[in-house]
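A.B. asks: This is the structure I want to talk about, given as structure tokens.
Protein chains: 2
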Amino acid sequence: MKQSKPLRIIPLGGAGEIGKNMTAYEYGENILVVDAGIMFPTNDMLGIDYIIPDFQYLLKNRHKVRGLVITHGHEDHIGAVRHLIDQINVPIYATPLTLGLIEGKLARSGMDGKAQLIKVHAGEAVTIGPFRVEFVHVSHSIPDAVALGITTPAGLVVQTGDYKFDHTPVDGWPTDFGKLAEFGRRGVLALLADSTNADKPGWTPSEQVIKPALESVFREAEGRILVATFASLISRMQQVADVALEHGRKIAFVGTSMVENAKIARNLGYLDIPEPMIVPLEDALKMPPEEVVLLCTGSQGEPSSIMGRLSVGTNRAFDIQPGDTIVLSSHPIPGNEENVYRTINRLFRRGATVIYDPIAPVHVSGHASQEEMKLMLQLVKPKYLVPVHGELRHLHQHAKIGRELGIPAENTAIVENGQVIEFVDGEMRLGERIPGGWVFVDGSSVGTVNMDVLREREALARDGLVVVNLVLDTNTGKMLDEPEIITRGFVHPDDAADLIPAMSKRVARAVRSAEGDVRGVVKQVLKSYLFNETRRRPQIFVAVTEVKPQTAKTQWQDSIAA
Amino acid sequence: MKQSKPLRIIPLGGAGEIGKNMTAYEYGENILVVDAGIMFPTNDMLGIDYIIPDFQYLLKNRHKVRGLVITHGHEDHIGAVRHLIDQINVPIYATPLTLGLIEGKLARSGMDGKAQLIKVHAGEAVTIGPFRVEFVHVSHSIPDAVALGITTPAGLVVQTGDYKFDHTPVDGWPTDFGKLAEFGRRGVLALLADSTNADKPGWTPSEQVIKPALESVFREAEGRILVATFASLISRMQQVADVALEHGRKIAFVGTSMVENAKIARNLGYLDIPEPMIVPLEDALKMPPEEVVLLCTGSQGEPSSIMGRLSVGTNRAFDIQPGDTIVLSSHPIPGNEENVYRTINRLFRRGATVIYDPIAPVHVSGHASQEEMKLMLQLVKPKYLVPVHGELRHLHQHAKIGRELGIPAENTAIVENGQVIEFVDGEMRLGERIPGGWVFVDGSSVGTVNMDVLREREALARDGLVVVNLVLDTNTGKMLDEPEIITRGFVHPDDAADLIPAMSKRVARAVRSAEGDVRGVVKQVLKSYLFNETRRRPQIFVAVTEVKPQTAKTQWQDSIAA
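Heads up: the protein sequence lines correspond to chains G and W, in order.
To convert, take the position in the first sequence, counting from 1, and add 4; that gives my numbering.
To convert, take the position in the second sequence, counting from 1, and add 4; that gives my numbering.
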């Protein structure tokens, strides 16, 4: 049977990572979107809060979009749901916990009740346009995560989402090996598979390895225990609660997202903590230190999180006290290492004992390592492999693993975001490249910052700024007053005070000798002079006000002192 | 015998790391300085090239400074020698290779012949004022590294420098266990020991583990091989050369520092490569790809290094070609992970195969892990332990290791840079805190940038900049022209174009209603308006020019477009 149209698969979004936060499946007049997550900015994205996928292709084809399927409830998969739904309000399909977390997020951003939420349990299937989507349970560091088996007119495509093959997961619900094997028997056209740990040999340890490490912390801690982790790491909450129960400590949840996610997960039955075990923070702070554990946000040292504020002494409700043991149950997000380690150093300085990996195995990855990737390939037996969820280096490594297992290079597509992959009559080919990068979110506004703006910020940040205000006589072209010169972020104020008279002299000379473009000449003169003096190239702004009279007075006011 | 004065030990410099780049030993009228290195800036030090220790205490006491002893030739131990010697020209004591590398660096910065360089071989001792300094060979990732046994009037102090206990080092010269044990028998007052890997359990593998990994790369590579590493990792050069010899590939050194350091190390006999094995780059580029290996700078992805330029296609002499295999034989410097991985991704994009740890063990740490730290403590048997060379978290972990080996907490000093530690009559106490942080080097100028300037850069980088130029009638206070408004690094130019008329209107209204401080009022109005519109707080500069006439014209010129 010949297929009439190509199936198009398009990875979208992600800062350096491919197909992590959003993927589109397009067949004729139908588009199915998988995931809508956010990414954290890299260090060179100055002033950016977070990044969302660039989905202008979806906006242009909004009439085609039939639904949004979410694989699991982590920020990098659900964080941009509100941005997408705000513009294209299609039904959202997800498992109960994922849906609960999305609902909570939408409510917090004032979009309560605006979305159509459709509950699908792992093991069930839904039909969305020409796509039949089967939800397959996978273990990950959050319960109720799924891989997707998407039957399309072009064939069966499997997208793993984030997964690991944990034989002893916290919730006792391992990855559905049988279903994946059944896909393999049915015949899989293409596998889009998580590449996060493609450069890690072996198997990722089970979440269970954390338990002995936590137990040893609880045995040795003489004061309070504070555990910091992602608010969406529901499995980790469960593990801490289990150990706390054994050691007779009560739990307080600290930080808005931690409190809310725990509530959602408990209500839906994904977090099993007896009611009397949980105490409000106010009560916990009054209890003997050895009887409580505080589950806090801030494992990445974010300045506004509980751990971030505790590390610099600006947390309102309580402070670090000697005898506190702090467990950072997470790994730094790539690029955020410096921030995390700085926070750890500060917590030590405040008298706490800080336990983190590799001091003790208090965290384990939620993603498959190389041997698990091989197992996935063996179970699913895809004709084509599309490594996704990783940086280019991970995709290449994943492709190499594929080759070792007999998937030839020509049956593997290593693409970047926005690259359309087409399947026609069982053959894969590359389509066009559409905009598929990311959009910056800065403050409340989305997309008003682009790379050019960031480059301007970078230039300002590199060597600072010099602003010159000139008042010239319209008729004679002569300066009517000393030029006003201010600097910011350029050199030490004392050194600037030394430089300004010399700059002023050079500006005056330049104005006298300039023919035509006064501003250009002044800028050029200052640029050379400052580079010679300081080897720096500040951004230089020259304002020229031309006036007729003999008197003019200029005064500066800046916002920094205010 | 009572000692008349206290021995004072002062760790200096280092961005977050303690006692890494410089340490001062002071007794009465005598100061001995150990090491003078640089640090790389952290991500939040915008526009900074590198950091040197703040040695104003030494400058104030320059008459006391008797000499500078260097433990080994890495940048973080010799990079600031020229800055120190430029101001306090004391004799420099070091082993032959270290001295050779210092000499080369001084020559490159035009200080040829200006320093007094005194050669001391490992195993020898020198007397510098009241200090007798014994040089003890240690293995590290550069040959000819030493620990120091410093006999002072207060007792024997041992400073390890950077070290590991490698039983099979590349140069066949292991750490001098015997000498360290002899110190232990003599009685050691205090040990200042490397804490870099204090959170790594076990032993650091021998440098030998790299050889099989390199051999497998050489066996499999079909085209050129490019190996990137630090130019000061002389041992790594030797290993690459050994494997290249076995596989019949010639070596070309690429990058100024790589070429020069290889020359120095070969001349001094620390790098054993037969002359015919080495070819100039021009020749290497003409040879069949499978017959050459290029040893390049840029293992940290520095934009100006060979690897940095190859990754973006701006290297002049040659480009990446399909079939190239690139080995990154180094670990990212903490905080630089993002930059390194971005470079790797770009090299993949250009068609190279990139091998890096953990893909293959092509790098190993040069620093002791926990079990080696224990061995050091067992050999030296110090009364007091001063963990140095690490962040606060590492020092705490090192202190814990000390406690496990019987050094009580009260005999351990965890201090920060600039904290004076005093020893009198065999007892340790904390002295005063002196300036001991770091000094920024930005462009050619040292120390003209301080934290305030960086905070200004950060503010500019966060949300950019809005500059307003107002021309007012001196008599009436009325605006004589539309206000000129420009933005940089704030919002997308299209959005700025939308915002400017609205800002202009609000400025005009503010000027009309303002009484007194026009500039302050305008600034405040814009601040609130822009925050409401964009949730951002750009830096706002308002210039007011007061003139008498009825005509005025203002034009802006900025330096960004140029």
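Ideal Cβ placement from N, Cα and C applies to all residues, glycine included.
Quick caveat, the model's predicted, so the values are computed rather than measured.
Please report the straight-line C-alpha distance between residue 469(W) and residue 460(G), rounded to a whole angstrom.
C.D. replies: Residue 469(W) and residue 460(G) have their C-alpha atoms spaced approximately 10 angstroms apart.
A.B. asks: Of the residues 272(W), 251(W), 414(W), 234(W), which one's Cα is nearest the Cα of residue 311(W)?
C.D. replies: Here the closest residue by C-alpha is 234(W).
A.B. asks: Taking just the CA atoms, how far does residue 494(W) sit from residue 52(G)?
C.D. replies: If I take the Cα positions, the gap works out to 11 angstroms.
A.B. asks: Got a sec? Which residues, its chain only, sit under 6 angstroms from residue 19(G) by beta carbon, not counting five neighbours each side?
C.D. replies: For residue 19(G), where only same-chain residues beyond five positions count, the Cβ hits under 6 angstroms are 43, 46, 55, 442.
A.B. asks: Pull up the CB-CB distance for residue 298(W) and residue 230(W), whole angstroms please, since I reckon it's below 8 angstroms.
C.D. replies: 5 angstroms
A.B. asks: What are the boundary residues of the alpha helix (DSSP H) that residue 9(G) is part of?
C.D. replies: Judged by DSSP secondary structure, residue 9(G) falls outside any alpha helix (DSSP H); it is assigned neither H nor E.
A.B. asks: What's the C-alpha gap between residue 366(G) and residue 313(W)?
C.D. replies: 39 angstroms
A.B. asks: Beta-carbon of residue 45(W) versus every beta-carbon of chain G: anything under 8 angstroms?
C.D. replies: Judged by the 8 angstroms Cβ criterion, residue 45(W) is not in contact with chain G.
A.B. asks: Within the stretch 332-379 of chain G, note down every full alpha helix (DSSP H) run reaching 4 residues or more, in order along the chain.
C.D. replies: 341-353
A.B. asks: What would DSSP say about residue 627(G), mapped onto helix, strand or coil?
C.D. replies: Given a span of 5 to 566 for chain G in the structure shown, any question on residue 627(G) remains unanswerable.
A.B. asks: Cα separation between residue 280(G) and residue 77(G)?
C.D. replies: Taking C-alpha positions only, residue 280(G) is separated from residue 77(G) by approximately 27 angstroms.
A.B. asks: Rounding to the nearest angstrom, what Cα-Cα distance links residue 384(G) and residue 224(W) in this structure?
C.D. replies: 30 angstroms
A.B. asks: Mind checking if residue 461(G) is an interface residue toward chain W, Cβ cutoff 8 angstroms exclusive?
C.D. replies: So yes, residue 461(G) belongs to the interface.
A.B. asks: With a CB to CB cut of under 8 angstroms and the five nearest residues on each side skipped, what residues in its chain are close to residue 214(G)?
C.D. replies: 240, 243, 333, 365, 366, 367, 368
A.B. asks: Which complete alpha helix (DSSP H) runs does the stretch 126-153 of chain W hold, if anything under 4 residues is left out?
C.D. replies: none
A.B. asks: Residue 487(W): buried (16+ other C-beta within 10 angstroms of its C-beta) or exposed?
C.D. replies: buried
A.B. asks: Quick check on DSSP: helix, strand or coil for residue 2(G)?
C.D. replies: It is not possible to answer for residue 2(G), since the shown part of chain G is limited to 5 through 566.
A.B. asks: To the nearest angstrom, report how far apart residue 66(G) and residue 26(G) are at their CA atoms.
C.D. replies: 16 angstroms
A.B. asks: Would a check of beta-carbon distances place residue 224(W) closer than 8 angstroms to chain G?
C.D. replies: no
A.B. asks: By the criterion of Cβ-Cβ separation under 9 angstroms, what are the contact partners of residue 25(W) in chain G?
C.D. replies: None at all; the shortest Cβ gap to chain G is about 17 angstroms.
A.B. asks: So with CB distances below 9 angstroms, who are the chain W contacts of residue 144(G)?
C.D. replies: The contacting residues do not exist; residue 144(G) stays about 22 angstroms from chain W at best.
A.B. asks: For residue 65(G), name the three-state secondary structure that DSSP assigns.
C.D. replies: coil
A.B. asks: If you measure beta-carbon to beta-carbon, which residues of the stretch 378-400 of chain G are closer than 8 angstroms to chain W?
C.D. replies: Listed by position, the residues of the stretch 378-400 of chain G near chain W (Cβ gap below 8 angstroms) are 395, 396, 397, 400.
A.B. asks: What residues of chain G sit near residue 467(W), judged by a beta carbon separation below 7 angstroms?
C.D. replies: Near residue 467(W) (Cβ distances below 7 angstroms), the residues of chain G are 51.
A.B. asks: Keeping to the same chain, check which residues put their C-beta closer than 7 angstroms to that of residue 174(G); ignore five residues upstream and five downstream.
C.D. replies: 211, 239, 242, 243
A.B. asks: I'd like the ranges of any alpha helix (DSSP H) spanning at least 4 consecutive residues and lying wholly in the stretch 156-201 of chain G.
C.D. replies: 181-190
A.B. asks: Anyone know if the C-beta pair for residue 534(W) and residue 511(W) falls short of 8 angstroms?
C.D. replies: Taking 8 angstroms as the Cβ cut-off, residue 534(W) and residue 511(W) do not qualify as a contacting pair.
A.B. asks: Would you mind stating whether residue 394(W) and residue 122(W) have Cβ atoms separated by less than 8 angstroms?
C.D. replies: no
A.B. asks: What number of angstroms, rounded off, separates the C-alpha of residue 566(G) from the C-alpha of residue 485(G)?
C.D. replies: Because the pLDDT at residue 566(G) is just 35, under 50, the model does not fix this residue reliably, and the point stays unresolved.
A.B. asks: Residues of chain W with a CB under 8 angstroms from the CB of residue 247(G): which are they?
C.D. replies: In chain W, no part has a C-beta under 8 angstroms from the C-beta of residue 247(G); the shortest such distance is about 22 angstroms.
A.B. asks: How many angstroms separate the CA atom of residue 111(G) from the CA atom of residue 89(G)?
C.D. replies: 13 angstroms
A.B. asks: Residues in its own chain within less than 7 angstroms of residue 296(W) by CB, not counting five upstream and five downstream?
C.D. replies: 228, 253, 254, 256, 288
A.B. asks: Label residue 182(G) either buried or exposed according to how many other C-beta atoms from any shown protein chain fall within 10 Å of its C-beta, with 16 as the threshold for buried.
C.D. replies: exposed
A.B. asks: Touch check for the stretch 502-516 of chain W and the stretch 508-526 of chain G: three-plus C-beta pairs under 8 angstroms?
C.D. replies: no
A.B. asks: Give me the subset of the stretch 485-510 of chain W whose CB atoms are less than 8 angstroms from a CB atom of chain G, sorted by chain position.
C.D. replies: 488, 490, 492, 493, 494, 495, 496, 497, 499
A.B. asks: What residues from the stretch 204-238 of chain G come within 8 angstroms of chain W, judged by C-beta to C-beta, listed N to C?
C.D. replies: 204, 205
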